[in-house]
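Structure, as structure tokens:
2 protein chains.
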Amino acid sequence: MEEKLIPDIVVGRLPLYLRALQHMTNEGRQVTSSQELGERLGISAAQIRKDLSQFGEFGKQGTGYHIDFLQDQIRKILKVDRVWSVAVVGAGDIGSAVAAYQGFANRGFQVTMLFDNSPAKIGKKIGNFTVLDIATLEETIRKEGIQVAMITVPADQAQAVADLLVKAGVKAILNYAPLSLNVPSEVRVQNTDPATHLQRMTYYLD
Amino acid sequence: MEEKLIPDIVVGRLPLYLRALQHMTNEGRQVTSSQELGERLGISAAQIRKDLSQFGEFGKQGTGYHIDFLQDQIRKILKVDRVWSVAVVGAGDIGSAVAAYQGFANRGFQVTMLFDNSPAKIGKKIGNFTVLDIATLEETIRKEGIQVAMITVPADQAQAVADLLVKAGVKAILNYAPLSLNVPSEVRVQNTDPATHLQRMTYYLD
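Each protein sequence line maps, in turn, to chains F and G. Using my numbering, the first residue of the first sequence is number 1, and each one after it goes up by one. Using my numbering, the first residue of the second sequence is number 1001, and each one after it goes up by one.
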């Protein structure tokens, strides 16, 4: 698949293209253009054409892109033409919300387990999940072959959880804890921390 | 403040530097180096020096950075040397979790109001908040002079909420809904959508 090295910034835009295409499908649309996609996303049409051309020929000059076809292609490129099982570690407010999140449907992910270390939570039902003991995490994740996880524990526990996930074979971590994790280079981490996102914007305020 | 135009990608790294410096303070540390910061963040020391040099002289060759001083400077640059009131729109699982989030303390933000449009929620207590009627949003936000908001409503309502926030004078929106918002150019939007984050990583999985 990865015959040439694609910049990660380009890979990072593909999910946005896919999301916009899925909205168009929901609107009953069948064909779009790089201009229209660009307007929806605030990205130039030229950038979109250049990004997509790194992966193949998906549209024709003058006729644009067939939405279903382009979606299928991007799903294959991003490997979300399948459903990845996701483990959530930390059954607090954020973890419970993200485990129950409806927005993963049709986007390649299903949360299948929710872990915590609190005796008050282990064994209890939260939404559709029975909270699992973090002491069983490594064995359970390894047995199920889970490669994707979300960390929703407090900052002071997040690195220890990351170490445990890496030991269990997880290769992709979405980190909600407000600190940067140290992981081996073969493990990917994406961070989402509302304060960090907000601070990037207040710079521009008066 | 903005004498020269700083690339947004540089602005986007400052909150990460600030977060790492705050952790060092919590660890009782007083001095650090671009090397150490770089190792914590997975960013090269040269990049960190270059980024910081865009804003001034914050350290000395050989002695490194005084952590408290550098934190104060970055707080001023990012304008989080004050506390911004934040409105959360959408009192579902994610909105309730983010409104209750402890991680904003000492980082420049305080959620002060939580809105919803559901008669079942309006007037009810969720955590420390009494849910406000979205019909009062424009007037309330304008009166309080709130410039920062988070959108945690379903995708099909998010654009309408964004329009309302913009009308009320909001200038910075953290969008949890899984779609790209159209806003005037003077309004900043940051997006956080767990499926998009995860899709960016599955590309690299086998």
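All C-beta atoms, glycine included, are put in the ideal place defined by N, C-alpha and C.
- Query: So which of F/Y204, F/K76 and F/S96 has the shortest CA-CA distance to G/V1170?
  - Reply: Residue 1170 of chain G sits at position 170 when you count from the first residue of the second sequence. Per the Cα distances, F/Y204.
- Task: Would you identify the three-state DSSP class for F/M1, choosing helix, strand or coil?
- Result: Position 1 of the first sequence, counting from 1, holds the residue named residue 1 of chain F. Unreliable placement is indicated for F/M1, whose pLDDT of 49 sits below 50; the coordinate value is still reported in the next sentence. Coil at F/M1, not helix or strand.
- Message: Which residue wins for smallest C-alpha separation from G/G1103, given the options F/S185, F/A99, F/P154 and F/R49?
- Response: Here the question's residue 1103 of chain G lines up with position 103 in the second sequence. Closest by alpha carbon: F/P154.
- Query: Beta carbon of F/E139, beta carbon of F/S85: below 8 Å?
  - Reply: Residue numbering aside, residue 139 of chain F sits at position 139 when the first sequence is read from its first letter. Residue numbering aside, residue 85 of chain F sits at position 85 when the first sequence is read from its first letter. Result no, Cβ atoms of F/E139 and F/S85 do not sit closer than 8 Å.
- Query: Residues bridged to G/H1197 by DSSP?
  - Reply: Translated into positions along the second sequence, residue 1197 of chain G becomes position 197. Beta-bridge partners assigned by DSSP to G/H1197: none are found.
- Query: Is there a Cβ from chain F that is less than 8 Å from the Cβ of G/I1122?
  - Reply: Translated into positions along the second sequence, residue 1122 of chain G becomes position 122. Under the 8 Å criterion on CB atoms, G/I1122 is classed as non-interfacial with respect to chain F.
- Task: Under 6 Å Cβ to Cβ from G/E1002, same chain only, skipping five residues before and after it: list those, please.
- Result: Translated into the one-based positions of the second sequence, residue 1002 of chain G becomes position 2. Residue confidence is low: G/E1002 scores 49 on pLDDT, short of 50, so the model does not pin down where it sits. No coordinate-derived value is stated.
- Task: At 8 Å on the CB atoms, spell out the chain F contacts of G/D1093, in chain order.
- Result: Sequence index remark: in the second sequence, residue 1093 of chain G carries index 93 (1-based). Below the 8 Å Cβ cutoff, chain F contributes S96, A97, A100 and Y101 as neighbours of G/D1093, in chain order.
- Considering F/N182, what are the terminal residues of the beta strand (DSSP E) in which it resides? For the purposes of this step, residue 182 of chain F is identified with residue 182 of the first sequence, where counting begins at 1. That residue, F/N182, is in no beta strand (DSSP E); it is neither H nor E in DSSP.
- Query: Among F/V187, F/I43, F/S96 and F/M201, which one has its Cα closest to the Cα of G/T1202?
  - Reply: Here residue 1202 of chain G refers to the residue found at position 202 when the second sequence is read from its first residue. Answer by Cα proximity: F/V187.
- Taking only beta-carbon atoms, is F/L179 less than 8 Å away from chain B? The chain labelled as chain B is not found among the protein chains of the depicted structure, namely F and G.
- Do you know offhand how far G/M1113's Cα is from G/I1134's? Counting from 1 along the second sequence, the entry for residue 1113 of chain G is found at position 113. Counting from 1 along the second sequence, the entry for residue 1134 of chain G is found at position 134. Using only the alpha carbons, I get a separation of about 11 Å.
- F/T202 CB to nearest chain G CB: under 8 Å? To locate residue 202 of chain F, count along the first sequence from 1; it is residue 202. Taking Cβ atoms only, chain G reaches closer than 8 Å to F/T202, which makes this a yes.
- Can you tell me whether DSSP reads G/G1092 as helix, strand or coil? On the second sequence, residue 1092 of chain G is found 92 positions in, with the first residue counted as 1. In this structure, G/G1092 counts as coil in the three-state DSSP scheme.
- Query: Do you know whose CA, among G/D1008, G/L1078 and G/K1167, lies nearest G/R1019's CA?
  - Reply: Working through the second sequence from its first residue, we reach residue 1019 of chain G at position 19. Taking only the C-alpha atoms, the option nearest G/R1019 is G/L1078.
- Considering only residues of the same chain and omitting the five flanking positions on each side of F/R40, which have a CB-CB separation below 6 Å? Along the first sequence, one-based indexing puts residue 40 of chain F at 40. The residues are A20.
- Using a Cβ-Cβ cut-off of 6 Å (strictly less than) and excluding sequence neighbours within five positions of G/V1161, which residues of its own chain qualify? Looking up residue 1161 of chain G in the second sequence gives position 161. Excluding positions up to five away in sequence, the list reads V1089, I1151 and V1153.
- Give me the Cβ distance between F/F109 and G/A1195, rounded to the nearest whole Å; I'm assuming they're in contact under 8 Å. Along the first sequence, read from residue 1 onward, the residue named residue 109 of chain F stands at position 109. Along the second sequence, read from residue 1 onward, the residue named residue 1195 of chain G stands at position 195. Right, the Cβ-Cβ distance comes to about 6 Å (below 8 Å), so this counts as a contact.
- Message: Determine whether the beta carbon atoms of F/L198 and G/A1172 lie at a separation below 8 Å.
- Response: For the purposes of this step, residue 198 of chain F is identified with residue 198 of the first sequence, where counting begins at 1. For the purposes of this step, residue 1172 of chain G is identified with residue 172 of the second sequence, where counting begins at 1. In this structure, G/A1172 lies closer than 8 Å to F/L198 by Cβ.
- Message: On the DSSP letters alone, give me the boundaries of the beta strand (DSSP E) that G/D1008 sits inside.
- Response: Translated into the one-based positions of the second sequence, residue 1008 of chain G becomes position 8. Careful: G/D1008 lies outside any beta strand (DSSP E), inside the alpha helix (DSSP H) at D1008 to N1026.
- Item | Whole runs of the alpha helix (DSSP H) within the region 1095–1136 of chain G, excluding any shorter than 4 residues | For the alpha helix (DSSP H) assignment, the region 1095–1136 of chain G encloses no uninterrupted run of at least 4 residues.
- Compare the C-beta of G/P1015 with all C-beta atoms of chain F and state if any pair is closer than 8 Å. Counted from its first residue, the second sequence places residue 1015 of chain G at position 15. Under the Cβ criterion of 8 Å, G/P1015 is counted among the residues facing chain F.
- Message: Using 8 Å as the threshold, is the C-beta distance between F/Q73 and F/I6 below it?
- Response: The residue you call residue 73 of chain F lines up with position 73 of the first sequence. The residue you call residue 6 of chain F lines up with position 6 of the first sequence. No, they are not a contact pair.
- Nearest chain F C-beta to G/Q1190 closer than 8 Å, yes or no? For the purposes of this step, residue 1190 of chain G is taken as residue 190 along the second sequence, with counting starting at 1. At least one C-beta of chain F is nearer than 8 Å to the C-beta of G/Q1190.
- Message: Starting from F/G38, trace the alpha helix (DSSP H) in both directions and tell me its first and last residue.
- Response: As a position in the first sequence, residue 38 of chain F is number 38, starting the count at 1. From DSSP, the alpha helix (DSSP H) with F/G38 extends over S34 to L41.
- Roughly how many angstroms lie between the CA atoms of G/R1142 and G/A1168, to the nearest whole one? Mapped onto the second sequence, residue 1142 of chain G falls at position 142. Mapped onto the second sequence, residue 1168 of chain G falls at position 168. For G/R1142 and G/A1168, the distance between alpha carbons rounds to 5 Å.
- Query: Where G/G1062 and G/M1024 are concerned, what is the direct C-alpha to C-alpha distance, given to the nearest angstrom?
  - Reply: Against the second sequence, residue 1062 of chain G aligns to sequence position 62. Against the second sequence, residue 1024 of chain G aligns to sequence position 24. Going by C-alpha positions, G/G1062 is about 19 Å away from G/M1024.
- Query: Under 8 Å, do G/G1064 and G/V1031 count as touching if we go by C-beta distance?
  - Reply: Along the second sequence, read from residue 1 onward, the residue named residue 1064 of chain G stands at position 64. Along the second sequence, read from residue 1 onward, the residue named residue 1031 of chain G stands at position 31. Yes, the pair counts as a contact, with Cβ atoms nearer than the cut-off.
- Task: Assuming F/D68 and F/A91 form a contact by the criterion Cβ under 8 Å, report the distance between their Cβ atoms to the nearest whole angstrom.
- Result: By one-based count along the first sequence, residue 68 of chain F stands at place 68. By one-based count along the first sequence, residue 91 of chain F stands at place 91. Not confirmed; about 38 Å, so no contact.
- Contact set between G/R1040 and chain F, taken where Cβ atoms lie within less than 8 Å: Taking the first residue of the second sequence as 1, we reach residue 1040 of chain G at position 40. Neighbours of G/R1040 in chain F, taken as residues at a C-beta separation under 8 Å, are given in chain order as S180 and N182.
- Integer-rounded CB distance, given that G/A1099 should sit under 8 Å from G/F1058: Translated into positions along the second sequence, residue 1058 of chain G becomes position 58. Translated into positions along the second sequence, residue 1099 of chain G becomes position 99. No, G/F1058 and G/A1099 are not in contact; Cβ-Cβ is about 35 Å, not under 8 Å.
- Item | Cβ shell of F/D81 (< 6 Å), same chain only, five flanking positions each side left out | Within the first sequence, the letter at position 81 stands for residue 81 of chain F. For F/D81, the CB contacts under 6 Å within the same chain, skipping 5 residues up- and downstream, are R75 in chain order.
- Measuring CA to CA, which of F/L179, F/L16, F/V83 and F/I146 is closest to F/I48? Reading the first sequence from its first residue, position 48 is the one you call residue 48 of chain F. For the residues F/L179, F/L16, F/V83 and F/I146, the minimum Cα distance to F/I48 belongs to F/L16.
- Message: Quick check: what's the CA-CA separation for F/R13 versus G/G1042?
- Response: Position 13 of the first sequence, counted from the first residue, corresponds to residue 13 of chain F. Position 42 of the second sequence, counted from the first residue, corresponds to residue 1042 of chain G. Using only the alpha carbons, I get a separation of about 21 Å.
- Message: Against chain G, which members of the region 125–147 of chain F pass a CB distance test of less than 9 Å?
- Response: Closer than 9 Å at the C-beta level to chain G, one finds these residues of the region 125–147 of chain F: G127 and Q147.
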